[in-house]
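As structure tokens, the structure follows; a few thoughts come after it.
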Amino acid sequence: MKNAFAIVTLSALLSACAVAHKQQPAQGQSDQPLAAAEARDHPDAGATKAGDEDDKLPNVNMTPAMMAQLMQAEMSFKNGDWQGPYLTMMSLAQQTKDPRLAKRAAEMALSAKQADDALAAVKLWRQYAPDSEEASQYYLGLVILSDNLGEAENILKQRLAEATPAARGLVMFQMQQLLLRARDKDAAVAMLERLVAPYGNLMETHVVLAQAALARNDK
């Protein structure tokens, strides 16, 4: 089970989705990853996790044709085209099952502010790297900002449960900030209430719910 838990703080992701869904204005990014908090208890976890993820990468033998496609895609992207390079990266990812190519496709779509295409790439990325924390962060941010809240609830519930007691309050605050970026504030607050219900003994639970209620009334 993963110990580290970081809520999305990726400025490219947030700005892309803010443009894709103009009904939801962009917000400042005050939330910080929980990796630092968790690192106090598990100082070697980050390095170990990165090594484990590298070990799970497929052994890909890129053919000369694949390398040529890859280089051409990067050159075209650098020159301002995104769709052709995106499709190339998605195709190569599917052929090789290499999550790094799916991630690159997601980055290209996000740079072009194409949230739906980015989500398709991120889903492929998660399929090929199911233990990637970064892929999960992208996925959570995209599904919430596109109001697919149901797809995020079980993930958030599990990760809140997995957080250490010392970090759980911070997780709640970051979760609140992420959920309130959804367009449907009522649904977001209802989900937040369900997620924090088992932790009613924590002061942070009551603060988070009060702030969420204020945000819903100000929508």
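Start counting at 1 in the sequence shown, then tack on 740, and there's your number in the working numbering. Ideal Cβ placement from N, Cα and C applies to all residues, glycine included.
Checklist entry - In chain order, which continuous runs of the alpha helix (DSSP H) of length 4 or greater are located wholly inside the segment 865 to 926? => result 873 to 885, 890 to 902 and 905 to 919
Checklist entry - From residue 879 to residue 862, what distance separates their C-alpha atoms? => result The residue labelled residue 879 in the question sits at position 139 within the sequence shown. The residue labelled residue 862 in the question sits at position 122 within the sequence shown. Their backbone Cα atoms lie some 6 Å apart in a straight line.
Next on the checklist: Helix, strand or coil for residue 803? Go by DSSP, reduced to three states.
Outcome noted: Mapped onto the sequence shown, residue 803 falls at position 63. It is coil, neither helix nor strand.
Next on the checklist: Pop quiz: residue 932 and residue 943 are said to be a contact at Cβ under 8 Å. What is the actual Cβ separation, rounded to whole angstroms?
Outcome noted: What you label residue 932 is simply residue 192 of the sequence shown in a count that begins at 1. What you label residue 943 is simply residue 203 of the sequence shown in a count that begins at 1. Incorrect: roughly 16 Å between the Cβ atoms, too far for contact.
Checklist entry - In whole angstroms, what is the alpha-carbon distance linking residue 955 and residue 920? => result Walking along the sequence shown from the start, residue 955 turns up at place 215. Walking along the sequence shown from the start, residue 920 turns up at place 180. Answer to the nearest angstrom: the Cα atoms are 8 Å apart.
Checklist entry - Taking the alpha-carbon positions, what's the residue 761 to residue 925 distance? => result For the purposes of this step, residue 761 is taken as residue 21 along the sequence shown, with counting starting at 1. For the purposes of this step, residue 925 is taken as residue 185 along the sequence shown, with counting starting at 1. Summary for residue 761: the model assigns pLDDT 44, below 50, so the residue's position carries little reliability; its value from the coordinates is reported in the next sentence. If I take the Cα positions, the gap works out to 14 Å.
Next on the checklist: Taking the alpha-carbon of residue 928 as reference, which of 871, 833, 840 and 887 has the nearest alpha-carbon?
Outcome noted: Taking the first residue of the sequence shown as position 1, residue 928 is located at position 188. Closest by alpha carbon: 887.
Checklist entry - By a C-beta neighbour count over all protein chains shown, 10 Å radius and 16 as the cutoff for buried, is residue 843 buried or exposed? => result The sequence position of residue 843 within the sequence shown is 103, counting from 1. Classification for residue 843: buried.
Checklist entry - Can you check whether the CB of residue 798 is closer than 8 Å to the CB of residue 837? => result Counting from one through the sequence shown, the residue named residue 837 turns up at place 97. Counting from one through the sequence shown, the residue named residue 798 turns up at place 58. The answer is yes: Cβ separation under 8 Å.
Checklist entry - What does a CB cutoff of less than 6 Å around residue 824 pick up in its chain, not counting 5 residues either side in sequence? => result As a working mapping, residue 824 is identified with position 84 in the sequence shown. Contacts found: 816.
Item to check | Nearest-angstrom beta carbon gap, residue 828 and residue 808 [assumed within contact, 8 Å] | outcome: The residue labelled residue 808 in the question sits at position 68 within the sequence shown. The residue labelled residue 828 in the question sits at position 88 within the sequence shown. About 10 Å; that fails the 8 Å criterion.
Checklist entry - With 16 other CB atoms within 10 Å as the buried threshold, where does residue 912 fall? => result Start at 1 with the first residue of the sequence shown, and residue 912 comes out as number 172. With 16 or more Cβ atoms within 10 Å of its Cβ, residue 912 is classed as buried.
Checklist entry - Measuring CB to CB, does residue 833 end up less than 8 Å from residue 852? => result Residue 833 sits at position 93 when you count from the first residue of the sequence shown. Residue 852 sits at position 112 when you count from the first residue of the sequence shown. No, the pair does not count as a contact, with Cβ atoms beyond the cut-off.
Checklist entry - CB-CB under 8 Å to residue 889, same chain, minus the five flanking residues each way: which ones, in chain order? => result Here residue 889 refers to the residue found at position 149 when the sequence shown is read from its first residue. So the list reads 883, 919, 922, 924, 927, 928 and 931, once near-sequence residues are dropped.
Next on the checklist: Would residue 939 and residue 899 be called neighbours here (beta carbons separated by less than 8 Å)?
Outcome noted: Within the sequence shown, numbered from 1, the residue matching residue 939 stands at position 199. Within the sequence shown, numbered from 1, the residue matching residue 899 stands at position 159. It is not a contact, given that the beta carbons lie outside the stated cut-off.
Item to check | Beta-carbon proximity list for residue 840, same chain, < 7 Å, skipping 5 on both sides | outcome: Residue 840 sits at position 100 when you count from the first residue of the sequence shown. None.
Checklist entry - Are there 16 or more other CB atoms within 10 angstroms of the CB of residue 866, so buried, or fewer, so exposed? => result Working through the sequence shown from its first residue, we reach residue 866 at position 126. With 16 or more other Cβ atoms within 10 Å, it is buried.
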